[in-house]
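Numbering (the UniProt record's numbering), first residue to last: 1 to 372. The beta-carbon is built from N, C-alpha and C at its ideal position, and this holds for glycine as well. Inspection log for the structure reproduced underneath, given as structure tokens.
Now the structure itself:
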């Protein structure tokens with residue numbers, strides 16, 4: 001069972017105040033060292049008010065409780081010192097600890113410290129004016145004690161604030177990662193539903209078109225056959241290699257064996273989430289597939305005409321696929337050439353990356369994918 005620190009501080013305060021009630025009550029009947037009766041009565045009233053506020057509110061950090069407690073201390077400490085025949089009675093320390101706990105819990109440490117300092121100075125001034133006989137060194141000792149306690153409590157509060165701040169940052173990061181994981185999971189479910197729809201509906205229709213004996217133009221029949229073949233190859237491919245470089249090299253060897261490859265991976269390269277690695281490999285495969293289909297008229301790429309480069313450092317990862325083929329005009333793209341523009345960019349943007357496609361007729365094509 002957890003203990004509320006405010007209630008514990010309140011209990012300490014009540015105990016300390018109760019220890020002051022008896023000597024103050026004695027002071028009502030007997031005057032000590034010239035203290036006026038009204039001063040003693042005021043001290044007793046302040047103690048009662050502090051007790052009522054502390055017990056009723058269960059919070060020693062409230063403004064009214066702090067003020068009432070400090071006023072009671074100011075008035076009654078001279079009486080307690082006289083009645084107990086000690087210079088600094090132990091209830092004083094109990095109440096200082098309770099006030100310190102209130103300051104830490106309620107984050108009013110500076111206010112409590114200033115209030116105690118002001119009351120100690122006021123007590124010294126009254127002692128000098130009324131001639132209570134309090135020595136200057138006693139006042140200095142009380143002042144140093146208060147300053148030490150205030151400094152220690154302020155340090156504790158700063159440490160607690162820093163710890164709370166770090167915990168808040170860690171919690172926010174954990175929440176962000178959880179939300180990212182949920183988003184990836186939702187994307188996976190959506191992709192699975194879309195794949196099922198494409199397989200059950202779109203590919204089925206295209207397969208019917210491919211084998212149909214009706215009057216269907218040859219280009220349409222060929223396009224349907226190509227879509228069915230690509231979908232089958234994608235389904236048979238399975239998940240990419242767990243390593244980014246291995247996946248990219250395997251894709252290059254499969255899609256364009258004659259391509260020149262350059263791989264640069266730093267020792268402190270930024271770690272890649274699984275979904276980012278998949279997107280990079282799939283986007284690169286699509287770019288290489290475009291090379292095989294269109295860059296050289298459907299013929300295998302000649303040696304030295306295709307370059308694949310990978311640069312992975314501590315800030316980002318960049319993959320470039322450059323060919324010296326026929327190229328195309330990105331502003332006037334045929335319907336069967338949308339894969340490199342839509343598929344590559346869509347894959348990268350879905351994981352927080354980006355893609356850039358540059359091409360010109362007769363000057364080849366450059367596809368660059370980056371993350372983040």
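When rounded, the separation of the alpha-carbon atoms in residue 259 and residue 308 is 7 Å.
Pairing residue 355 with residue 371, the inter-Cα distance amounts to about 9 Å.
Between residue 328 and residue 305, the C-beta gap is not smaller than 9 Å, which leaves the two residues out of contact. When only Cα atoms are considered, residue 345 and residue 257 end up about 24 Å apart. By the criterion of a C-beta distance shorter than 6 Å, residue 351 is surrounded in its chain by 275, 276 and 279, once the five residues flanking it on both sides are discounted. Sequence-distant Cβ neighbours of residue 184 in its own chain, meaning closer than 6 Å and more than five residues away, are 275. Take residue 296, set aside five residues on each side of it, and the residues of its chain with a beta-carbon closer than 6 Å to its own are 325, in chain order.
Take residue 301, set aside five residues on each side of it, and the residues of its chain with a beta-carbon closer than 8 Å to its own are 256, 258, 259, 291, 292, 295, 323 and 325, in chain order.
Secondary structure of residue 307 (DSSP, three-state): strand. Within the same chain, and ignoring the five residues on either side of residue 359 in sequence, the residues whose Cβ sits closer than 8 Å to its Cβ are 327, 328, 329, 330, 365 and 366.
Burial of residue 321 is indicated by the presence of at least 16 other C-beta atoms within 10 angstroms of its C-beta.
The alpha-carbon of residue 348 is positioned some 17 Å away from that of residue 315. Excluding its 5 nearest sequence neighbours in each direction, residue 168 has no C-beta neighbour in its own chain below 8 Å.
Assigned with DSSP and collapsed to three states, residue 370 falls in strand.
About 7 Å separates the beta carbons of residue 317 and residue 270, which is inside the 8 Å limit, making them a contact pair. In the DSSP annotation of this structure, the continuous segment of the beta strand (DSSP E) that includes residue 263 starts and ends at 260-265. For residue 246, the secondary structure class from DSSP, reduced to helix, strand or coil, is helix. The alpha-carbon of residue 166 is positioned some 25 Å away from that of residue 273. Residue 274 carries a helical assignment under DSSP once its states are collapsed to helix, strand and coil. Under the three-state reduction of DSSP, residue 360 is assigned to coil, being neither helix nor strand.
In the structure shown, residue 316 falls within a coil segment according to DSSP collapsed to helix, strand and coil. Within the DSSP secondary-structure output, residue 354 pairs in a beta bridge with 370.
By the criterion of a C-beta distance shorter than 7 Å, residue 283 is surrounded in its chain by 344, 347, 348, 355 and 369, once the five residues flanking it on both sides are discounted.
Residue 321 is bridged by DSSP to 308 and 367. Going by C-alpha positions, residue 299 is about 42 Å away from residue 181.
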